[in-house]
Amino acid sequence: MRYMLMLYADEKAGAAIPPEQMAKAMDSLFAYQAALEKVGAFVMTSPLARTHEARTLKMTGGDVGFDGATFSNAAGQLQVHDGPYAETREQFGGFYIIEATHMDEALDWARKCPAAQWGPVEVRALIDGF
Amino acid sequence: MKGSEAVRTAERVARESYGRLVAFLAARTRDVAGAEDALSEAFAAALRMWPADGVPDNPDAWLLTVARRRQTDALRRRQTRSAGEEHLQLMAEEMEGAAGGAAEIPDRRLALMFACAHPAIERGMRAPLILQTILGLTASDIAAAFLIPPATMGQRLVRAKARIREAGISFSVPDKEELATRLDAVLDAVYAAYTKGWNEVGDAAPELADEAIWLGRLLVSLLPDEPEAKGMLALMLYAEARRPARRDRAGAYVPLERQDTGLWDSTMHGLAERLLREASSGGPSGRYQLEAAIQSAHTARRKNVADTWPAIVALYAHLERLTRSPVVTLNRAVALAETEGAEAALILVESLAGDRRMAEYQPWWAARGHLLARLGRRAQALEALSVASGLATDNAVRRYLQEQAATLRDG
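Keeping their order, the protein sequence lines are chains A and B. Last residue of the first sequence? That's 413 in the numbering used here, and every number before it is there in order. Last residue of the second sequence? That's 474 in the numbering used here, and every number before it is there in order.
Written as structure tokens, this is what we have:
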């Protein structure tokens, strides 16, 4: 079973961290990745660019309906907005995808993740077959 | 955190009384959840009132009286007759009978602990079940210690109690033949609770460790002739005695070799030594006595009484034959480095490399890293220490391992 560890953190606080401290934090994340790899639990990881670079595509107006083949909204208009969909105190800033036999095991890994020290880690199972 | 000693004492008495009453009722009805329900409000009232008003002369009678009154109220309020209501009524009668001679309520807590640690109960749920039924800890307290969402822990506890009833688990202390194996399960559950409290350094942790030690004392008092119960209590006390020394003022991890032995709790340590002596005179040594003996040897070594490394290696070898645990082999390897050198130790550590359990075991990588460093194999040592730090759950341990790696890299 695959799980995504979604790392949230306060972006502004993160930007204020001095480079040498940031380097140490990155070292701890690399060590974490090394541990995942050694155990064979690692699938992939990536940090995400800052939210001010994010864009959100959003249908405005009209109603979504099933047209017999798919869901569509003919009357609506797609608009692009700056930033992420929701403004939150902590931002989704990176993720790990790991292999674990069940949620408890995935949670154990989340607990070991250095990022859990500075922000919430949401653990979501990926649905198989895609 | 918990206020004064008086508050703590009041809470202790309330938990003691509560556990005894739950065990008494559950042993009669086999309905653990029902027994808890019957007493929960009275127990909550006791936790609220006794620290302020003082502990009543007869705590059991106080709890029973309040529980009975609450139940009568509940019965009056409810109009529909249901099986649950009849059950409550039965419980009230049981307690009424008991309240007459409240001073002589038989202590069935040992039987309840055996029921909670029955083979039919999922291993991981035995400790939580004992913590809840004997000590009255809430599902959310237990969930926090076991890192499980409170609702999930609550559901699992409910299921485990239902299992006790459905599987027809008896509330009795097993007879001699069965006692040893069944007692192991009880001891393991209590020790599991202790290690949860030991590994956590946060504010809530020492409390769980305290509760586990208290359960250990209870077991020793209820089973005074069982050396393993004493061995386990001794083992917990050796560890607990070192608690003040295992982090420095800045919160950094201090390994046993660098701990200031002056910070060790000498009262607790003395008690551990006494328990271990008593246990050893009781016949062949089980797992807990051996582990306690190893801790005793470490203490003597660190206090410069003697070089006990050879004894430690021998004790681990004995324990290894008994448990066949790779963790024990790893510990023997670490001790072996002090008697036969890092090369021999590393060979033994590497012999465990094929074991899946070791691949995710932080101490295996840390031991390997330290031995490789001692042998001057820097690149491999760095990699092992890095993996070890990535596997660490405890922040202080992670930082320690990272510093070890940094020192090796720069030095």
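Here a beta-carbon is modelled for each residue, glycine too, at the ideal position from N, C-alpha and C.
- The alpha-carbon of Ala130(B) is positioned some 53 Å away from that of Ala429(B).
- Residue nearest to Met309(A) within the set Asp473(B), Thr470(B), Asp457(B) and Ser449(B) is Ser449(B) (criterion: CA-CA distance).
- Listed along chain B, no residue sits closer than 9 Å to Arg338(A) by beta-carbon distance, the nearest being about 34 Å off.
- Counting only runs that start and end inside the region 220-297 of chain B, the alpha helix (DSSP H) elements of at least 4 residues fall at 239-262 and 268-285.
- According to DSSP, residue pairing for Pro373(B) in a beta bridge does not occur.
- The C-alpha of Ala101(B) lies about 30 Å from the C-alpha of Asp238(B).
- Contact note: Ala190(B) does not reach chain A at a C-beta cutoff of 8 Å; the least C-beta distance is about 15 Å.
- Per the C-alpha coordinates, the member of Tyr315(A), Phe375(A), Pro330(A) and Gln316(A) positioned closest to Gly402(A) is Phe375(A).
- Ala468(B) places its beta carbon 7 Å or farther from that of Leu434(B).
- Close to chain B, meaning a Cβ-Cβ distance shorter than 9 Å, are the following residues of the region 307-330 of chain A: Lys307, Asp310, Ser311, Leu312, Phe313, Ala314, Tyr315, Gln316, Ala317, Ala318, Leu319, Glu320, Lys321, Val322, Gly323 and Ala324.
- Assigned with DSSP and collapsed to three states, Gln374(A) falls in strand.
- Shown here, Met176(B) sits in a helix according to DSSP, grouped into three states.
- Using a Cβ distance threshold of 7 Å, Pro114(B) and Val70(B) count as a contacting pair.
- Where Leu340(A) is concerned, the enclosing beta strand (DSSP E) starts and stops at Arg338 to Thr343.
- If you draw a 10 Å sphere on the C-beta of Tyr379(A), you find 16 or more other C-beta atoms in it, and that means buried.
- Bridge partners of Ser355(A) according to DSSP: Gly348(A).
- Between Trp261(B) and Ala302(B), the beta carbon gap of about 6 Å places them in contact (Cβ cut-off 8 Å).
- Cβ atoms of Arg83(B) and Arg172(B) come within 8 Å of each other, at about 6 Å.
- Contact between Glu99(B) and Val85(B) holds, with the beta-carbon distance rounding to 6 Å and staying under 8 Å.
- Listed in chain order, the alpha helix (DSSP H) elements of length 4 or more contained wholly in the region 408-457 of chain B are 419-422, 425-437 and 441-454.
- The shortest C-alpha to C-alpha distance from Ala275(B) to any of Asp251(B), Gln358(B), Glu229(B) and Glu291(B) is the one to Asp251(B).
- DSSP places Thr328(A) in no alpha helix (DSSP H) but in the uninterrupted beta strand (DSSP E) bounded by Phe325 to Pro330.
- Close to Gln400(A), with beta-carbon spacing below 8 Å, are these residues of chain B in chain order: Asn458.
- Three or more beta-carbon pairs separated by less than 8 Å link the region 242-257 of chain B to the region 273-287 of chain B, which places the two stretches in contact.
- Ranking Ala124(B), Ala363(B), Asn367(B) and Leu399(B) by CA distance to the CA of Tyr379(B) puts Leu399(B) first.
- One finds Leu210 and Thr456 in chain B with Cβ atoms closer than 8 Å to the Cβ of Arg394(A), taken in chain order.
- CA-to-CA, the gap between Arg437(B) and Pro287(B) works out to about 46 Å.
- In this model, Ala296(A) and Leu340(A) are separated by some 27 Å (Cα to Cα).
- The residue from Phe87(B), Trp125(B), Gly117(B) and Asp116(B) with its alpha-carbon nearest to that of Glu104(B) is Trp125(B).
- Apart from sequence neighbours up to five positions away, the residues of its chain that approach Arg350(B) with a beta-carbon distance below 7 Å are Leu382, Leu385 and Thr386, ordered along the chain.
- By the rule that beta-carbons nearer than 7 Å mark a contact, Gly453(B) touches chain A.
- Around the CB of Val363(A), fewer than 16 other CB atoms lie within 10 Å, so the residue is classed as exposed.
- With respect to Gly377(A), Pro330(A) sits close: the two C-beta atoms are nearer than 7 Å.
- Here Val406(A) is not near Tyr291(A), since their CB atoms are 7 Å or more apart.
- Of the residues Asn367(B), Gly231(B) and Pro182(B), the one whose Cα lies closest to the Cα of Glu241(B) is Pro182(B).
- For Leu288(A), the enclosing beta strand (DSSP E) begins and ends at Arg285 to Ala292.
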